[in-house]
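Report on the structure given below.
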Amino acid sequence: MQNSNLKVETFRSTDYKHEEHVNLSVQWNRWLLRPIGLWPYSNSRFEQYLYWLINVICYSLFSFRAISCILFMYYEVRDTYVILKQFGPLIFCVMGIMKYCALVDHKADINECVEQIKLDWKGTTNDKDREIMITNANFGRKLAILCTFFTYSSFVFYNIVIPISRGKVTAEDANISFIPLVFPVSKYADALHSPMNEIIFSLQVMGSSLSYTVASAACSLAAVLAVHTCGQMQVVMNWLNHLIDGRSDMSKRVDGRVGNIVRQHVRILNLYLVLEVKDVYNKIKLFGPLSFCVMAFLKYHLLILHEDDIRECVKCIEWDWKNITYIQDRELMITFANFGRKLVVICAFFMYSGFAFYYIAIPISVGRIPAEGANVTFIPAVYPFSRFIVDTRYSPVNEIVFSLQLMAGCLMHSITSAACSLAAVFAVHTCGQMEVLMSWLKHLIDGRSDMYSNVDNRIASVVRQHVSSAYREDATTGVFRRILRLHVKHMSSWLLRYYGTRMRNIFQ
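Using our numbering, the letters of the sequence shown correspond one by one to residues 659 to 1166.
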């Protein structure tokens, strides 16, 4: 009877330590993921509906912040510098939505990883193996705490400390005071008056807390899972050290010990495959070419939309050259024209170099490749082409699609090169006209051979020249402001692809 009670107590003690060690590994992630509806739940109907409700609330908070920023930027902001300033918060909102969607999409993978960690702790009986796992679990827990600390420190500072330190501010055109909002909101929401001001501020703080929680949860989860995988590899290496002589908790036969090591290694590889998320990486890779195509189409549309402004700018340039008679002014304009021409050549060189390398050099160097399921060879397409439309591996469809993609690539790079070249030429010519204007101002009092003899007429000429330069600057800004926004968005997508590639290489 005493032996039976001793066995029960020993089992309870072992089970308690097992749960304690599991909490050491995943407790911090559970605290972060459960409030946002991403922690694995039981099969009860109540928890399923509760997590579904939490997901809907999270999506609503994300959408509220992103849509309010987009409406504010689209309808109320005209200054390019202010638009660039607002891109930071907007990109942070969009990245939060994408990370949350990715975590929701891979909730089953998260559940599988957590169950794998539980099985690893439950199956560890050797003290040396347990010490290795405890060491790695403590390290992963410290990484999770560091991620959470730095993430929430920025949240508290940006969303709470700064608004509280500023206090309520007074509206310019109304006798009211309001809490300054962290993220801009369209004037149609009337966020200056109470209680709408307090409601929107509270929703923005909740949405920001959600974004920082998602970022912290993603980093902490990646850290814990990666460190746990490293710990399991160290355990396997420890097993390999006792492959020949064995150990008290191992199989007595060498074949049995080899089989256990192989099974453990396969489980680690399965965990790595879950961490790798190959499909998501491939989608990120394809996001770059797709965004380049979309940006080229939008830039072409904007150039057509501002065709009259471009024509007017060209006429202004012709008029400026036609009305310049003084040699020094002409030399100034020639200097700036040569500089603008060099910028155009550089833009065209780099754009068409990218086109030649990506569309011609790479396919030629790869050559024709054999198809996997057929006895044919084909030219690899520059852009992926769905087989639901047509199978591009067979001739002559392969050559036709490749030629069309080559022509489309040339067109897209020509559009980008033309937009950059126009912006460079117009901007440099405007700078040249400002230099000419400054040269006129130097001779405003004493006059010059090509100027009016009357001071009033010279002042009028300077004013006309300044108005012409200001009009040209406004026209140029109107043409290229939206194109600049597109380039900023495109740059953000390429940064996302770059950092995704870097993180994948680091994990590998």
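We put the CB at the ideal spot given by N, CA and C, even for glycine.
6 Å Cβ shell around residue i - same chain, five flanking residues per side excluded
i	result
Val1048	Val1055
Tyr707	none
Leu829	With the sequence shown as reference, residue 829 is identified as Ala, and Leu is not the correct amino acid for it. Excluding residues within five positions, the ones whose Cβ falls inside 6 Å are Leu850.
Gln922	Val894
Arg988	Ile982
Ser909	Arg915
Ser1150	Confidence at Ser1150 is low in this model, with a pLDDT of 49, below 50, so its placement is unreliable and the value that follows should be read with caution. Only Ile749 meet the Cβ criterion.
Val1113	none
Pro947	Tyr1041
Glu677	none
Met1009	His1071, Thr1074 and Ser1075
Asp831	none
Trp1098	Val1120
N- and C-terminal bounds of the alpha helix (DSSP H) containing residue i
i	result
Trp1098	Val1055 to Lys1100
Trp897	Met854 to Asn899
Glu705	Arg703 to Tyr733
Ala1006	Ile985 to Phe1013
Gly798	Asp785 to Val814
Val772	Lys765 to Lys780
Ile968	Glu965 to Lys980
Arg824	Ile820 to Arg824
Val1024	Ile1020 to Val1024
Sequence-distant residues of its chain with Cβ nearer than 8 Å to residue i (five each side left out)
i	result
Arg911	none
Glu1093	Leu990 and Phe994
Asn769	Pro698
Val740	none
Val863	Asn817, Ile818 and Val840
Val885	Asn794, Ala795, Phe797, Gly798 and Leu801
Val1024	Pro1038
Trp979	Met991
Cys1068	Phe1013 and Tyr1017
Met854	Ala847 and Asp848
Ile792	His679 and Leu682
Ile919	Val894, Trp897, Leu898 and Leu901
Phe1036	Arg1026, Ile1027, Ala1029, Thr1050, Arg1051, Tyr1052, Ser1053 and Asn1056
Glu856	Ile837
Val752	Ala724
Gly754	Phe720, Leu868, Ser869, Val872 and Ala873
Expected contact under 8 Å - CB spacing of residue i and residue j to nearest Å
i	j	result
Ala875	Leu1064	No, Ala875 and Leu1064 are not in contact; Cβ-Cβ is about 45 Å, not under 8 Å.
Ile749	Leu868	Not a contact, Cβ separation roughly 16 Å.
Thr1050	Ala1066	Thr1050 to Ala1066, Cβ: 14 Å. No contact.
Asp619	Gln890	Summary: the structure shown does not reach residue 619, with the chain confined to residues 659 through 1166, and so no result is reported for it.
Thr1074	Lys957	7 Å
Thr783	Asp907	5 Å
Trp686	Ile803	7 Å
His1087	Gly998	6 Å
Gln744	Met731	5 Å
Beta-carbon proximity list for residue i, same chain, < 7 Å, skipping 5 on both sides
i	result
Lys786	Asn896
Phe859	Ile837 and Leu839
Lys936	Here the model assigns Lys936 a pLDDT of 49, short of 50, so the residue's position is not dependable and the matter cannot be decided.
Val1059	Ala1039, Phe1043 and Thr1050
Ser866	Phe813, Asn817 and Val840
Tyr733	Ser844
Tyr758	Cys716, Phe720 and Val872
Asn772	Note that residue 772 corresponds to Val in the displayed sequence, not to Asn. Hits under 7 Å: Val684 and Pro698.
Asn713	Gly695 and Val762
Cys951	Met1070
Ala1006	Ser1075 and Ser1079
Ile790	Gly889, Gln892, Val893 and Asn896
Touching by the beta-carbon criterion (3+ pairs, under 8 Å), the region 720 to 732 and the region 835 to 850: Three or more beta-carbon pairs separated by less than 8 Å link the region 720 to 732 to the region 835 to 850, which places the two stretches in contact.
Segment contact flag, the region 818 to 837 with the region 793 to 809, C-beta cutoff 8 Å, min 3 pairs: Verdict: no, contact absent.
Segment contact flag, the region 793 to 804 with the region 865 to 883, C-beta cutoff 8 Å, min 3 pairs: As far as the Cβ criterion goes, the region 793 to 804 touches the region 865 to 883, which means the pair count is three or higher.
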